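For reference, the structure is listed below as structure tokens.
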Amino acid sequence: MECFYEGPNFLVINPDECIDCSICVGECPVNAIVEASAIPLDQVHFVELNQTLSQDPRWTRITSTKTPLTEHEKWREVKSKLHLLQK
Ligand code: SF4
Numbered sequence: 201m202e203c204f205y206e207g208p209n210f211l212v213i214n215p216d217e218c219i220d221c222s223i224c225v226g227e228c229p230v231n232a233i234v235e236a237s238a239i240p241l242d243q244v245h246f247v248e249l250n251q252t253l254s255q256d257p258r259w260t261r262i263t264s265t266k267t268p269l270t271e272h273e274k275w276r277e278v279k280s281k282l283h284l285l286q287k
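Residue numbers (this note's numbering): 201 to 287.
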């Protein structure tokens with residue numbers, strides 16, 4: 201499935217396109233993706249955010265493997281980043 205979308209500094213998954221195959225769960229190097237049935241209550245609001253942003257025409261569908269951003273290691277352990285989201 202190609203259900204990942206990219207904004208200026210954030211990735212989202214379109215929950216309507218996701219078929220819950222769970223392949224991406226194990227692929228994420230920082231465990232940022234969980235199965236739909238395992239989303240913690242304090243993160244449920246991210247589902248709506250993912251849906252909204254994935255349908256924004258300015259966000260682009262990712263169709264091929266990309267090189268990690270240069271600063272990705274810096275953000276690995278930072279838990280709270282939502283305030284930095286650029287739309
Ligand atoms: S679980 Fe992950 S890999 Fe599978 S369809 Fe959903 S987003 Fe794509």
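Don't be surprised by glycine CBs; every beta carbon is placed ideally from N, CA and C. What you are looking at is a predicted structure, and each value in this text was computed from that prediction instead of being measured.
Would you check if the distance between the CB atom of lysine 152 and the CB atom of glycine 207 is smaller than 8 Å?
With the chain covering only 201 through 287, there is no way to say anything about residue 152.
Span separating the alpha-carbon of arginine 258 from that of valine 212:
One-based indexing of the sequence shown puts residue 258 at position 58. One-based indexing of the sequence shown puts residue 212 at position 12. Computed Cα separation, rounded: 13 Å.
Within the continuous alpha helix (DSSP H) that includes valine 225, where are the two ends?
Translated into positions along the sequence shown, residue 225 becomes position 25. Counting along the chain, the alpha helix (DSSP H) containing valine 225 begins and ends at 223 to 227.
Take valine 214 as the anchor and find which of Val225, Glu248 and Gln243 has the nearest alpha-carbon.
As a position in the sequence shown, residue 214 is number 14, starting the count at 1. It is worth fixing the name first, because residue 214 is asparagine in this sequence and not valine. Taking only the C-alpha atoms, the option nearest asparagine 214 is Glu248.
Between the C-alpha atoms of aspartate 242 and tyrosine 205, what's the straight-line distance to the nearest angstrom?
Locating residue 242 in the sequence shown gives position 42, counting from the first residue. Locating residue 205 in the sequence shown gives position 5, counting from the first residue. The straight-line gap from Cα to Cα measures roughly 23 Å.
Let's see if you can read the secondary structure: which residues bound the beta strand (DSSP E) around glutamate 217?
In the sequence shown, residue 217 corresponds to position 17, counting from 1. It is not in any beta strand (DSSP E) - glutamate 217 carries neither H nor E in the DSSP assignment.
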